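Undergrad: Residue numbers for the sequence shown follow my numbering, so the first one is 11 and each next one is one higher.
Quick reminder that beta carbons are idealized off the backbone N, C-alpha and C, glycines included.
As the structure is a prediction and not an experimental result, all values here were calculated from the model.
Mind looking over this structure? Questions follow.
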Amino acid sequence: MVLLKKISVKTLTAVLILLVVVVFLIVSLFSYRAFLRIDTDEYWVIHSYQVQSSLDVLISDLGNMETAERGYVITGQESFLQPYTALLADAEEQFGALQGSTADNAVQQQYLSEMKPLIGAKIADIQENISLRTNGGFGAAQASVSLDKGKALTDSIKAIVANMQTEEASLLQIRINDLTQSNVMTKSIVLWGSVMGFLFALLVDYIIYKFVIGEMVRKPLLEEALKADKETEAFSYSVSHDLRAPLRAIDGFTQILVEDYGGKLDDEGKRIAGVIRASTVQMGKLIDSLLSFSRLGHAEMKETSLAMGTLADEVYKEARKTSPDRNIEFVMGTLPDVKGDADMIRQVWTDLFTNAIKFTGKKEKAKIEVGSTDNGKSITYYMKDNGAGFDMQYVGKLFSVFQRLHSVEEFEGTGIGLANVKRIVERHGGTVRAEGKVGEGATFYFTLPKKEI
């Protein structure tokens, strides 16, 4: 029977580890696809620049050909015709490149269809004037040039090129915006994917701690499980430190970008840089909160007799220092002594008082009340405030990690405080619950069993 249990424990552990690997593989896959999207967006940005460059070179080639023609007509010196052949070949090459690079764009292809006969006519006009100067002399060539046929063709070509430049500039702006969004999305996927993987690792840690150790009946097996639990905790710390390194890099490079290249960034670019830096700060806070939450599940409990009235009063005065100028009415009822871990129960009061002071922040006159009820077997302590409150249909989310009922813009925080309260109270063998109404306040209860003091 013991052997079967041991095999079951190993199988469960292997499955959980496999799930962790799968989660990290999924995160890696999404990250890889995000980087592929960046590569694609970068290609199209470069593509637009190349189209614009080919248009500029084409117009330049035609202008230089016209200059060579006019120089020859005026002077009759063949040296002006020396670059003509090379310019003609380059113009044909640039036009061919434009046809290929805009093959996916029906609008640009239509412009090129309109431009092609004009370029042919322009080249024919230049060659005709050169031939007239060679065979008929200056007078014949001058008479042809004075008809301004070449100028009219040039103006028509330039008008079409201007339309193509406008079309490509519009596409370029769209593609730059897509590239910016891809960069932001990729950073988000990498950061939040790492957090999800870290959270899943914590979940595996919790399952192993709760179920695997619970099945162990012999001391050697218990020692093996505790060793595995410490290794998992060490892994959690390692992941947290590995997360901090890219966070520091992202924040540092973003700061360099703003300080060294701020003059080249428009307002949107500066705003995006600010969002990235603010996100890294928030991410750092989330990691710290996760580590704190993880420690609460493993810390050794040292139960002593606690004077709850004195403890709650001390914590309130400490929390009150964060908002010394606010008008807060504090009412403390009877809080019977109880047996528990002093540091952990202090953390419970700290999180509850912090919440109450934070969520009454928009009240001119805030009120916070603490009290208790005793049914003989357990003591229920409560904290009531007249703050923002919450919708009771979401009460099930209150004590879960990162489950917030208010946005960060309304009330700052990491969404971990009430999860800490629940974990600590349950480790003491107690329960937690809450009641509230939007705009009228909330009441939080935690019940601890009565033990011999």
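#1: For ASN337, is the beta carbon positioned less than 7 Å from some heavy atom of the ligand HEM?
#2: If I follow the unbroken alpha helix (DSSP H) through LEU98, where does it start and stop?
#3: With SER382 as the anchor, note down where its beta strand (DSSP E) starts and where it stops.
#4: Following the continuous alpha helix (DSSP H) through ALA452, name the residue where it begins and the one where it ends.
#5: What distance in whole Å lies between the Cβ atoms of PHE400 and VAL431, which are believed to be in contact at a cut-off of 8 Å?
#6: Any contact of the segment 109–126 with the segment 138–153, i.e. 3+ C-beta pairs under 8 Å?
#7: Classify GLY446: buried if its beta carbon has 16 or more other beta carbons within 10 angstroms, exposed otherwise.
#8: How should VAL341 be labelled, buried or exposed, when 16 other C-beta atoms within 10 angstroms of its C-beta is the threshold for buried?
#9: How would you label ALA366, buried or exposed, when you count the other beta carbons within 10 angstroms and need 16 or more for buried?
#10: Considering Cα atoms alone, identify which of VAL61, GLY319, LYS349, THR364 is closest to ARG330.
#11: What residue does the alpha helix (DSSP H) around ARG336 start on, and which one ends it?
#12: Give me the DSSP bridge partner(s) of TYR82.
#13: Exposed or buried, which one is ARG258 when buried takes at least 16 other CB atoms within 10 Å?
#14: So, for THR457: in the same chain, excluding its five sequence neighbours on each side, which residues have a beta-carbon less than 6 Å away from its beta-carbon?
#15: Helix, strand or coil: which one does DSSP assign to LEU408?
#16: Would you give the residue range spanned by the beta strand (DSSP E) that ASP470 belongs to?
#17: Does DSSP put ALA444 in a helix, in a strand, or in coil?
#18: Nearest CA to the CA of ALA352: which residue from GLY397, VAL435, GLY427?
TA: Inspection of the coordinates gives the following:
#1: In the structure on display, the ligand HEM does not appear, and there are no ligands present to speak of.
#2: 94–111
#3: 376–384
#4: Looking at the DSSP string, ALA452 is not in any alpha helix (DSSP H); the run it does join, the beta strand (DSSP E), is 451–459.
#5: Contact doesn't hold; Cβ gap of about 15 Å is too wide.
#6: no
#7: buried
#8: exposed
#9: buried
#10: THR364
#11: No alpha helix (DSSP H) holds ARG336; DSSP gives it neither H nor E.
#12: The partner list for TYR82 (beta bridge, DSSP) is empty, contrary to what the question assumes.
#13: Exposed is the call here.
#14: SER388, THR390, GLY440, THR441
#15: coil
#16: No statement about residue 470 is possible, as the shown extent of the chain runs from 11 to 463 and does not include it.
#17: strand
#18: VAL435
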